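Asks: Take the position in the sequence shown, starting the count at 1, then add 55; the result is the number in the numbering used here.
Dropping the structure in here first, questions after.
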Amino acid sequence: MNMIERLHTVSRINVPYPERRIFFRLGGNVSRTRLTDEEQLIFKRVAVKAASLCEPQGRWRLVRIEKFSATHIELAGSEVLSGTAFLSLAEGATHIWFGAVTSGSGVVSARDNAPDVFQQAVYDAAASEVTDSAMDIMHQLAASELARCGGVLSARRFSPGYGDMPLDTQKLFFKLLDLSQMGLYLTEKYYITPEKSVTAVAAVSIPETEEMIYDQK
Numbered sequence: 056m057n058m059i060e061r062l063h064t065v066s067r068i069n070v071p072y073p074e075r076r077i078f079f080r081l082g083g084n085v086s087r088t089r090l091t092d093e094e095q096l097i098f099k100r101v102a103v104k105a106a107s108l109c110e111p112q113g114r115w116r117l118v119r120i121e122k123f124s125a126t127h128i129e130l131a132g133s134e135v136l137s138g139t140a141f142l143s144l145a146e147g148a149t150h151i152w153f154g155a156v157t158s159g160s161g162v163v164s165a166r167d168n169a170p171d172v173f174q175q176a177v178y179d180a181a182a183s184e185v186t187d188s189a190m191d192i193m194h195q196l197a198a199s200e201l202a203r204c205g206g207v208l209s210a211r212r213f214s215p216g217y218g219d220m221p222l223d224t225q226k227l228f229f230k231l232l233d234l235s236q237m238g239l240y241l242t243e244k245y246y247i248t249p250e251k252s253v254t255a256v257a258a259v260s261i262p263e264t265e266e267m268i269y270d271q272k
């Protein structure tokens, strides 16, 4: 594997506390939703605790595109990525970016053991927002890394189960990113555990001359 396709591990992703996003995920609107003083205290306490229990980390790598077909993309190593919606986005790209992020199991356990439905909902919303934000941050870090070699990473991402990209595409992420080393597991129905984990693909274009320079670094 050349340098441009090596596995990148981000052992700790620093996510700013996303209070407003947590509130919105719960269905709140800061200008219209009115919580009682007690509810506000509970929300802030639980949301902060949930965010502190998240341990965001991630992995990403590039895989070279060998061929486009009408329904899928053939990748190096005889791998296949299906989904016509993503195929349209990736038209003209040279590589596919595979990324995965998890917030770990601690926050999931805390949510499941919370004393009431409201607190469980806050834990769940906070963990989801931290995980999504961590993916955004890792995506931006990868874009910056690739820009140094003239590469362009698409701003838009697709995840398995979105559009017509089959959920069993998760198997490809586990193979390419060795996600079991991050403590992740795949169920028989292709759901990832711990639950607050996400995967995504994006399109990458790298000029051949720039790729050669990058590989020599």
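Note that beta-carbon positions come from the ideal geometry of N, C-alpha and C, so glycine has one too.
The structure presented is a predicted model; accordingly, all values stated were derived computationally and were not measured.
#1: Just to confirm my understanding: we take Ala255, look at its own chain, exclude 5 residues before and 5 after, and list those with CB closer than 6 Å. What are they?
#2: Return the residue from the list Ile120, Glu93 and Ala181 that minimises the CA-CA distance to Val70.
#3: Do you know how far the Cα of Val65 is from the Cα of Met267?
#4: For Glu129, which residues in the same chain have their Cβ closer than 7 Å to its Cβ, ignoring the five residues on either side in sequence?
#5: Select from Ser164, Ala105, Gln236 and Leu241 the residue whose C-alpha is nearest the C-alpha of Arg114.
#6: Quick one: give me the first and last residue of the alpha helix (DSSP H) that Ser164 is part of.
#7: Looking at the strands, I want to know which residues DSSP matches up with Asn127.
#8: Could you say which of Ser137, Leu90 and Asp187 lies nearest to Thr157 if we only look at CA atoms?
#9: For Ala257, which residues from the same chain have a beta carbon less than 6 Å from its beta carbon, with the 5 sequence-adjacent residues on both sides left out?
#10: Using only alpha-carbon positions, find the residue among Gly132, Leu142 and Ile192 that is nearest to Leu227.
#11: Does the Cβ of Ser252 have 16 or more other Cβ atoms within 10 Å, making it buried, or fewer, making it exposed?
#12: Please name the residue in His150, Val163, Phe229 and Asp171 whose C-alpha comes closest to that of Glu110.
#13: Around the C-beta of Gln95, are 16 or more other C-beta atoms found within 10 angstroms, so that it is buried, or is it exposed?
#14: Please report the distance separating the alpha-carbon of Gly205 from that of Gly218.
#15: So the beta strand (DSSP E) Phe153 belongs to, where does it begin and stop?
#16: In terms of residues, what are the limits of the beta strand (DSSP E) holding Val253?
#17: In its own chain, which residues sit with a C-beta less than 7 Å from the C-beta of Ala198, not counting the 5 before and 5 after it?
#18: Taking the beta carbon of Thr139 as the centre, do at least 16 other beta carbons fall within 10 Å, making it buried, or is it exposed?
#19: What are the residues that DSSP puts in a beta bridge with Arg114?
Replies: Reading it off the structure:
#1: What you label residue 255 is simply residue 200 of the sequence shown in a count that begins at 1. Gly154, Arg212 and Ser214.
#2: If you number the sequence shown from 1, residue 70 lands on position 15. Ranking the options by Cα distance to Val70, first place goes to Ala181.
#3: The residue given as residue 267 occupies position 212 in the sequence shown. The residue given as residue 65 occupies position 10 in the sequence shown. Only weak support exists for where Met267 lies, its pLDDT of 42 falling under 50; the coordinates are left without a value.
#4: The residue you call residue 129 lines up with position 74 of the sequence shown. Around Glu129: Glu121, Lys122 and Val135.
#5: To locate residue 114, count along the sequence shown from 1; it is residue 59. Nearest of Ser164, Ala105, Gln236 and Leu241 to Arg114, Cα basis: Gln236.
#6: The sequence position of residue 164 within the sequence shown is 109, counting from 1. Gly161 to Asp167 is the span of the alpha helix (DSSP H), which, as asked, contains Ser164.
#7: Position 72 of the sequence shown, counting from 1, holds the residue named residue 127. The question names Asn, but residue 127 is His in the sequence shown. For His127, which the question treats as bridged, DSSP gives the partners Ser137.
#8: Residue mapping note: residue 157 aligns to position 102 of the sequence shown, counting from 1. Ranking Ser137, Leu90 and Asp187 by Cα distance to Thr157 puts Asp187 first.
#9: Numbered from its first residue, the sequence shown carries residue 257 at position 202. The residues are Trp152, Leu208, Ser209 and Arg212.
#10: Against the sequence shown, residue 227 aligns to sequence position 172. Among Gly132, Leu142 and Ile192, the Cα nearest to that of Leu227 is on Gly132.
#11: Reading the sequence shown from its first residue, position 197 is the one you call residue 252. Buried.
#12: Position 55 of the sequence shown, counted from the first residue, corresponds to residue 110. Of the candidates His150, Val163, Phe229 and Asp171, the one whose C-alpha sits nearest the C-alpha of Glu110 is Val163.
#13: Looking up residue 95 in the sequence shown gives position 40. That one is exposed.
#14: The residue labelled residue 205 in the question sits at position 150 within the sequence shown. The residue labelled residue 218 in the question sits at position 163 within the sequence shown. If you take the alpha carbons of Gly205 and Gly218, they lie about 30 Å apart.
#15: For the purposes of this step, residue 153 is taken as the residue at position 98 of the sequence shown. Looking at the DSSP string, the run of the beta strand (DSSP E) that includes Phe153 is His150 to Thr157.
#16: Along the sequence shown, read from residue 1 onward, the residue named residue 253 stands at position 198. Element bounds for Val253: Ser252 to Ser260.
#17: The residue you call residue 198 lines up with position 143 of the sequence shown. Same-chain partners within the cutoff: Leu208.
#18: On the sequence shown, position 84 is the one that residue 139 refers to. By the 10 Å Cβ count, Thr139 comes out exposed.
#19: As a working note, residue 114 is residue 59 in the sequence shown. Its beta-bridge partners are Thr64 and Ala155.
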